[in-house]
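For reference, the structure is listed below as structure tokens.
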Amino acid sequence: MSPLKLFSCRLILTLSVFTLAESANEYHTTRRLRCIYNSPDLSDMVYIESYYFNKYLFTQFNSTLGNYVGFSEYGMRVAEFWNNDTTLMQSTRATLDTFCKHNAQIYDSIIRNKAVKPKVKLSAAKWAGGRHPAVLMCSAFEFYPPHIKVSWLRDGKLMTSEVTSTMEMADGDWYYQIHSELEYTPKSGEKISCMVEHASSTQPMIYDWDPSLPESERNKIAIGASGLVLGIVLGAAGLIYYKKKSSGRILVPN
Ligand SMILES: *[C@@H]1O[C@H](CO)[C@@H](O)[C@H](O)[C@H]1NC(C)=O
Ligand SMILES: *[C@@H]1O[C@H](CO)[C@@H](O)[C@H](O)[C@H]1NC(C)=O
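Take the position in the sequence shown, starting the count at 1, then add 1027; the result is the number in this note's numbering.
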């Protein structure tokens, strides 16, 4: 019988005793496997195998140490027993490569490389007037994965005060959105930018605020301009139509 099986048998025995004594409660034993890493080349990856009884961690394997460690009298006995088993230790130590790195490479290719770049919108939530500071809103939409950082720059320098951010919010379709507000007193000649950092881009994405016109004014100009273009197009079409008609007509003298 392998030590793992022996161990589970012992726990089941313990469990049934407890269940008899206190039937209103449930008891849980948990084996939790974690592969933790930050570096894309997986060089800093650590494999952690933890054993819990309810919320108490009693034995853990950490690939950096290469051994099981116990955190209670029973946990230490289990650790000692497993550390003594060369076959088990060989396979546990190999887990970092055979399980963690192996799967991480697969996940990388199917999930991490599927990052979707956010659509970023910079808008004025409130215009400065009298003593009121202005409020700008930087919104990032439809990005994946959820981890993102939105910050504000004034002339290229990070602004820290008067910034409020929401959490990443799930759209429910694997995409996320986030909103960040900046309250500030505008100064002439300065440049305010919103900086978005996300897995979809190796460089921070920087969006400069253009305070030259209020948004409603800009919309009016856009509508006016498109009206003018439409007018010119229609006028030109009418002229061409008229020319064609008149050239095609046989003029019968009276
Ligand atoms: C694993 O062990 C290393 C070295 O002792 C330590 O720095 C690291 O925090 C441990 N990891 C965990 C999750 O306990
Ligand atoms: C470790 O293994 C040896 C031989 O395989 C055995 O004699 C010894 O009792 C074991 N020690 C523990 C703590 O299990």
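Beta carbons are placed, not taken as given, at the ideal position from N, Cα and C, and that holds for glycine. This structure is a prediction, so every number in the text was calculated from the model and none was measured.
Taking residue 1091 as the centre and dropping the five residues before and after it, the same chain places the C-beta of 1073 closer than 6 Å to its C-beta, in chain order. CA-CA distance, residue 1117 to residue 1131, rounds to 21 Å.
Contact between the stretch 1257-1270 and the stretch 1176-1186 is absent: fewer than three C-beta pairs spanning the two stretches fall below 8 Å. In the structure shown, residue 1225 adopts extended strand secondary structure according to DSSP, grouped into three states. Exclusion of residue 1081 from the 8 Å shell around ligand 1 follows from its C-beta lying no nearer than that to any non-hydrogen atom of the ligand. The alpha-carbon separation between residue 1208 and residue 1192 amounts to approximately 6 Å. DSSP lists 1060 and 1088 as the bridge partner or partners of residue 1076. Between residue 1143 and residue 1165 the beta-carbon gap is near 18 Å, outside 8 Å, which marks them as no contact.
About 17 Å separates the beta carbons of residue 1151 and residue 1167, which is beyond the 8 Å limit, so they are not a contact pair.
For residue 1186, the closest alpha carbon among the candidates 1056, 1123 and 1218 is that of 1218. Note on geometry: alpha-carbon atoms of residue 1134 and residue 1126 lie some 12 Å from one another. Residue nearest to residue 1054 within the set 1076, 1082 and 1070 is 1082 (criterion: CA-CA distance). Taking non-hydrogen atoms of ligand 1 into account, the C-beta of residue 1063 is found less than 8 Å away from one of them. Collapsing the DSSP output to three states places residue 1065 in coil. For residue 1255 and residue 1269, the gap between their C-alpha atoms comes out near 21 Å. Counting only heavy atoms of ligand 1, the residues whose C-beta sits closer than 6 Å to one of them are, along the chain, 1073, 1075, 1089, 1091 and 1092.
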